[in-house]
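Let me begin by presenting the structure, written as structure tokens, before commenting on it.
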Amino acid sequence: MIRSLRLLVLSGVALALASCSGAGGIGSILGGIGSGGGGIFGSGSSCNPGTDVQLANPVPFQSGVNPNIGQITIVANGNNNYLGQNYQSLNITLVDSSGNQIPGGALLATAYPNGPHPYNSDYYYESGFGPLQSNTTYTAELTLANYSSFNSCSYTLQSFRT
406 MIRSLRLLVL SGVALALASC SGAGGIGSIL GGIGSGGGGI FGSGSSCNPG
456 TDVQLANPVP FQSGVNPNIG QITIVANGNN NYLGQNYQSL NITLVDSSGN
506 QIPGGALLAT AYPNGPHPYN SDYYYESGFG PLQSNTTYTA ELTLANYSSF
556 NSCSYTLQSF RT
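Numbering (this note's numbering), first residue to last: 406 to 567.
Structural data, given as structure tokens:
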């Protein structure tokens, strides 16, 4: 009985951690379960966008990015997904090689007609930033906006270098 209870609790913890990770796996599989399609625990605890997403400006792995870029833009495949329905509750956080985190503003839907078009149905979102450090590599992460704990929910995108 105790062994079964332990297994059930451990399974629940593993499922909770997987649904908040950006690495795919079971969180991606269960992305549609729960309220709002935001993972098994609903829209409040998952950063799984429910679709393909990549950097649009700067482009993935770009170097020589102006530290005064002002905003980071992402492109998503369609908008009938968790990201498209909940973008106002998400932002982009930049993480440097030392682990320092710079949260951007809440995502805003934006037009980007000259941006990259990797998908059949491109939707663009941007998050505002102040000046960044020069000669620094940043990894962009999709995170919950205004959330006190970065590690509670993040979805890794690509990196770029200023």
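Every residue gets a Cβ at the ideal spot worked out from N, C-alpha and C, and that includes glycine.
The structure displayed is predicted, hence computed values, not measured ones.
- SER502 sits exposed, since fewer than 16 C-beta atoms from the chains shown fall within 10 Å of its C-beta.
- In this structure, GLY483 is the residue among ASN453, GLY483 and SER559 with its C-alpha nearest to the C-alpha of TYR528.
- The beta carbons of TYR543 and ILE479 sit about 14 Å from each other, so the pair does not count as a contact at 8 Å.
- Selection GLY535, LEU537, THR561 and GLN538 evaluated against GLU546 yields THR561 as nearest (Cα-Cα).
- Boundaries of the beta strand (DSSP E) around GLY510: 506-511.
- Annotation: TYR517 is outside any beta strand (DSSP E) and is labelled neither H nor E by DSSP.
- Between PHE565 and GLN467, the C-beta gap is smaller than 8 Å, which places the two residues in contact.
- In terms of Cβ geometry, ASN496 and GLY504 do not form a close pair [threshold 8 Å].
- Taking SER526 as the centre and dropping the five residues before and after it, the same chain places the C-beta of ASN482 and GLY483 closer than 7 Å to its C-beta, in chain order.
- In terms of Cβ geometry, THR515 and LEU488 do not form a close pair [threshold 8 Å].
- Just measuring C-alpha positions, the residue of LEU549, ASN491 and ILE477 sitting nearest THR567 is ILE477.
- Listed in chain order, the non-local C-beta contacts of THR541 below 6 Å within the same chain comprise ASP501 and THR567, local neighbours out to five positions each way being set aside.
- In summary, SER532 is buried, with 16 or more beta-carbon neighbours lying within 10 Å of its beta-carbon over all protein chains present.
- The closest CA to that of LEU537, considering only SER494, ALA461, PRO472 and CYS558, is found on PRO472.
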